[in-house]
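Student: Sharing a structure with you now.
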Amino acid sequence: MNKTIIVSNRLPLQVKLEDSQLEIKPSVGGLATGMKSVHADGNGIWVGWSGLTEEQLTPALQDRVNAEVQKEKCVTVPLTTEDVDNFYLGFSNKTLWPLFHYFMEYTTFERSEWESYKAVNQKFADVVLEHVNDGDTVWVHDYQLLLLPKLLRDKNPNISIGFFLHIPFPSFEIFRTFPWREELLKGMLGSDLIGFHTYDYERHFLSSVKRILRLDVKFNDILYDDRNIKVDSFPMGIDYNKFYNAAVANTNQKEKEKSELQRRLDEHIKTSLGAKIILSIDRLDYTKGIPKRLRAFEYFLNKYPEFKEKVRLILLAVPSRSNVPQYQKLKRETDELVGRINGKFATVSWTPVWYFYRSMPFENLIDLYTSSDVALITPIRDGMNLVAKEYIATRTNQDGVLILSEMAGASNEMNEALLINPNNFEQIADTIKEALEMPLEDQQNRIAILQNRLKRYSVEKWAEEFLDALEGTKSNDEQAQSTKLTPQLKQDIAKAFKTSNKKLLLLDFDGTLVGFKNNPKDAKPDAELFKTLDALHAKDGVDLVIISGRDRETFEDWFANKPYTLVTDHGVWLKQNGKDWEMLEHLKNDWMSSILPILETFVDRTPGTFIEKKRYSLAWHFRKTDPELGQKRAIELSTVLTSLISNNDLSVLKGNKVTEIKSSNVNKGRAASRLLTKEKYDFMFAIGDDWTDEYMFEELPETAYTVKVGIKKTNAKYHVKDTSEVRELLNTFALD
Ligand code: GDG
């Protein structure tokens, strides 16, 4: 039976070692909850680090940890202290975390830490590969493991790999500064499905893929390495019922059952008529905007002094990554600010900020959520923010107001909250006042809508949707409508080639026999290619035809002394058996003088594009420009041209990053059928990569072997990955 393997940096377990005693209990985080049913299902496992380094564990203890976590269907990845320093505290939290949250000034790029990041991703891969079987599904989580999908894919192509990023994906302008950007993107592209919290992160990722790797992106599909990779957004939800039910239990508890914290909260509420509590909860992280929030609260007290002695801000800052210098600095700054505000405003009966620097048990968290009139959640950047969602779930009477930063991913789904810009103190102060004074009915209307949404799209649903979408990618290959040439099929075709008498090979040139270059003039045939072509041509009964959109002069130059048949200009010219060039189609080129100036205006406005003038056609190349701009201009150009050439015998061909204008009655298909009328072939083979080759695939009889390079939609029967696979295939024909 196939299984699902979940992989994250940390296991969903808290493993503690005190006086050589091991204590292992399940952790209560959102991810652990969301994955519960996936993890519990069948023989699925969870792979991750236990939280204890190899140095902390003797071999005997290590064995005990392994045995204990195994009971929870978990498998550990052993990490050394050095790994944790360089991979986790170093590269993950001093490079990726700040960069992806737009904190460029905190981002360091250390080669040694990058090396460690790669090595630790490999350690994760080794453990997963030990447990994975063909047909299994692997779901990789978060920024610590961006390289893992590729490491797995390279070793086992027969598994389904999903990746989910829990933090933002930054815009191209930020991501491009990252020194190892290609490697990181390629690492992620080992997946079949890549998920983000929001459409914005998805958009940013696709834009980097297009600009940095120059890959083809169609809507949210990336064509890469003969695979179709899906990218989509899945906003993570919470365990709604868990928070709602805990809140109901909290409100129903008797006086003597209440926690110490709850009593203190109740006392505050009783101190004066209209006393209110504002709640702020986050890990102490610079992305969460805690100092700015405190300053905004100070500004609020100055601007609206009538709230003094009535309103209290409860600040719960959970310790996090305290070994990283920026976090230590943030701790000092927060301590000082709280001290300053309390020193400035406190009275004998009132301290404006109650500050907790610790983690609280779940029950206390619920005390805080249920007792607060307003939740003030103002991160500077946040992938999603689950605290905002949890606060809403605990509002069993549907009262309360959420003030939420528009920079949190959650703001996309929480329009009914009061959305603020965390850098605008004026706006925050006014919004706090608005929240404190909001009529109950208005509060209830807003919370009701938010609750409905959160209830429906819970964390279980999120996990289910992601896995369904991952399952759906399995049929991606069928979308290509052509069959992948397997080693067996290649052998069959080679055999048919060998056993036939008269063979026709129609080979496109650019993107088929040679890869694309920025300048088409540089994509010359190389010695290795000539060797293959010569060997093919030397075989008995072979008609070797190179059929291309290139102009006659270029081919004359490159293949001057070669005896192959050449068809150029998409089928205008033919050179056969060493004879002179012969014109297959009689064409005019007097239209060029009117089209050329139009193309020139496109070149002027689109940096990096250029015109290739051929004898019977004009091509506008946009391979070197910004991919999105190029695509946009190509659509614009085709609209302009279509309106102009309607009365002419011209057509516009959209090739691979090129738009070409030429006479309508010329195409590779017509040229191919002419060749077919001259001879009787019992083996026909055509291969090409772009739109112009489709004519050729269509014209050939059913018995022909037609092969597309790449997995775009095609009329060809088969497809191969790239030019190197084409050459490999031709070499097998050439062998005896
Ligand atoms: C990352 C992304 C994204 C907090 N204090 C206590 C406590 N918590 C729990 C909350 C909540 C969780 O921790 C925090 O989740 P967030 O989503 O707010 O933030 P990150 O930790 O930064 O998480 C974030 C998330 O991944 C999921 O994809 O939303 O954007 O940065 O569940 O309840 N729990 C307990 N005591 C505490 O003191 N028990």
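Note that the sequence shown covers residues 1439 to 2174 in the working numbering. Even glycine gets a Cβ: it sits at the ideal position worked out from N, Cα and C.
Spatial neighbours of Glu2049 within its chain, please: CB distance less than 8 Å, with the 5 preceding and 5 following residues excluded, ordered by chain position.
Tutor: Checking the sequence, you will find Ile at residue 2049 rather than Glu. Only Leu2034, Leu2037, Glu2038, Val2041, Leu2056, Ala2057, Trp2058 and His2059 meet the Cβ criterion.
Student: Using three-state DSSP, classify Phe1616 as helix, strand or coil.
Tutor: DSSP places Phe1616 in coil when its eight states are reduced to three.
Student: Measure the alpha-carbon distance for Thr2170 versus Asp2007 and round it to whole angstroms.
Tutor: Roughly 29 Å separates the two Cα atoms.
Student: Indicate the three-state DSSP secondary structure (helix, strand or coil) for Asp1630 in the structure shown.
Tutor: Coil.
Student: Using a 10 Å radius around the Cβ and a threshold of 16 neighbouring Cβ atoms, would you call Ala1557 buried or exposed?
Tutor: By the 10 Å Cβ count, Ala1557 comes out exposed.
Student: Quick one: grab the DSSP three-state call for Ala2154.
Tutor: Three-state result, Ala2154: coil.
Student: Would you mind stating whether Arg1819 and Phe1541 have Cβ atoms separated by less than 9 Å?
Tutor: A contact, by the Cβ cut-off of 9 Å.
Student: What does DSSP give as the partner residue(s) for Asp1837 in the beta ladder?
Tutor: Answer is none; Asp1837 lacks a bridge partner.
Student: For Glu1916 and Thr2152, what's the separation of their Cα atoms in angstroms?
Tutor: In this predicted model, Glu1916 has a pLDDT of only 48, less than 50, meaning its place in the structure is not dependable; the value taken from the coordinates is given anyway. The alpha-carbon atoms of Glu1916 and Thr2152 are separated by roughly 12 Å.
Student: Exposed or buried, Met1674, counting other C-beta atoms within 10 Å across all chains shown (16 or more means buried)?
Tutor: Its Cβ being crowded by 16 or more others within 10 Å, Met1674 is buried.
Student: Is Gly1847 near the ligand GDG - that is, is its Cβ less than 8 Å away from at least one heavy atom of it?
Tutor: For the ligand GDG, at least one heavy atom lies less than 8 Å from the Cβ of Gly1847.
Student: Do Gly1953 and Thr2161 have their beta-carbon atoms positioned less than 9 Å apart in this structure?
Tutor: The answer is yes: Cβ separation under 9 Å.
Student: In chain order, what residues of the same chain have a beta carbon less than 8 Å from the beta carbon of Tyr2156, not counting five sequence neighbours either side?
Tutor: Answer for Tyr2156: Ser1920, Thr1921, Lys1922, Leu1923, Leu1927, Tyr2143, Thr2144, Val2145 and Lys2146, listed in chain order.
Student: Closer than 8 Å is the cut-off here; do at least three beta carbon pairs connect the region 1750-1769 with the region 1886-1893?
Tutor: Result no; under three Cβ-Cβ pairs closer than 8 Å.
Student: Quick check: the Cα distance between Asp1773 and Thr1785, rounded to an integer number of angstroms?
Tutor: Cα to Cα, the separation comes out at about 19 Å.
Student: Consult DSSP for Gln1452 and reduce its assignment to one of helix, strand or coil.
Tutor: Residue state, collapsed to three classes: strand.
Student: Three-state secondary structure (DSSP) at Val1570?
Tutor: Val1570: coil per DSSP, three-state reduction.
Student: Could you tell me whether the Cβ atoms of Pro1860 and Arg1778 are closer together than 9 Å?
Tutor: No. Outside cutoff.
Student: Pull up the CB-CB distance for Val1897 and Leu1943, whole angstroms please, since I reckon it's below 8 Å.
Tutor: About 56 Å; that fails the 8 Å criterion.
Student: Do the CB positions of Val1578 and Ser1446 come within less than 9 Å of each other?
Tutor: Yes, Cβ-Cβ distance for Val1578 and Ser1446 is below 9 Å.
Student: Could you tell me the boundaries of the beta strand (DSSP E) in which Gln1459 lies?
Tutor: First-last of the beta strand (DSSP E) with Gln1459: Gln1459 to Pro1464.
Student: Can you tell which of Leu1722, Gly1727 and Arg1702 has the C-alpha that lies nearest to the C-alpha of Asn1802?
Tutor: When each option's Cα is compared against that of Asn1802, the closest is Arg1702.
Student: Please classify Pro1757: is it buried, with 16 or more other beta-carbons within 10 angstroms of its beta-carbon, or exposed?
Tutor: Result: exposed.
Student: Keeping to the same chain, check which residues put their C-beta closer than 7 Å to that of Lys1746; ignore five residues upstream and five downstream.
Tutor: The residues are Leu1739 and Phe1783.
Student: Which word fits Met2134, buried or exposed, when buried means at least 16 other C-beta atoms lie within 10 angstroms of its C-beta?
Tutor: Met2134 is buried by the Cβ-count criterion.
Student: Please find out if some non-hydrogen atom of the ligand GDG comes closer than 8 Å to the beta-carbon of Phe1800.
Tutor: Yes, Cβ of Phe1800 sits closer than 8 Å to a heavy atom of the ligand GDG.
Student: If you draw a straight line from the alpha carbon of Lys2052 to that of Trp1996, how long is it in whole angstroms?
Tutor: Taking the straight line joining both Cα atoms gives about 16 Å.
Student: What did DSSP end up calling Ile1866 once you bin it into helix, strand or coil?
Tutor: Here Ile1866 sits in helix by DSSP.
Student: Does Asp1720 pass the burial test, meaning 16 or more other C-beta atoms within 10 Å, or should it be called exposed?
Tutor: Asp1720 should be labelled buried.
Student: Is there contact here, the region 1857-1873 with the region 1691-1699, by at least three beta-carbon pairs under 8 Å?
Tutor: Contact fails: fewer than three Cβ-Cβ distances are below 8 Å.
Student: Can you pull the DSSP bridge partners for Asn1666?
Tutor: Partner(s): Leu1661.
Student: Val1522 and Thr1491 - do their beta-carbons sit closer together than 9 Å?
Tutor: Cβ distance < 9 Å, so Thr1491 and Val1522 count as in contact.
Student: Unbroken alpha helix (DSSP H) runs of length 4 or more, entirely within the region 1697-1764: which are they?
Tutor: Taking only runs of at least 4 residues, the alpha helix (DSSP H) segments lying wholly in the region 1697-1764 are 1698-1709 and 1728-1741.
Student: Excluding sequence positions up to five away, which residues of its chain have a Cβ less than 7 Å from the Cβ of Asn1559?
Tutor: Taken in chain order, the residues that qualify are Leu1583, Leu1585, Leu1586 and Leu1589.
Student: Below 7 Å CB to CB, which residues in the same chain sit around Arg1448 once its five sequence neighbours on both sides are set aside?
Tutor: Cβ within range, chain order: Gly1486, Trp1487 and Gly1489.
Student: Only counting the same chain, and skipping five residues up and downstream in sequence, which positions put a Cβ closer than 8 Å to that of Asp1964?
Tutor: Val1952, listed in sequence order.
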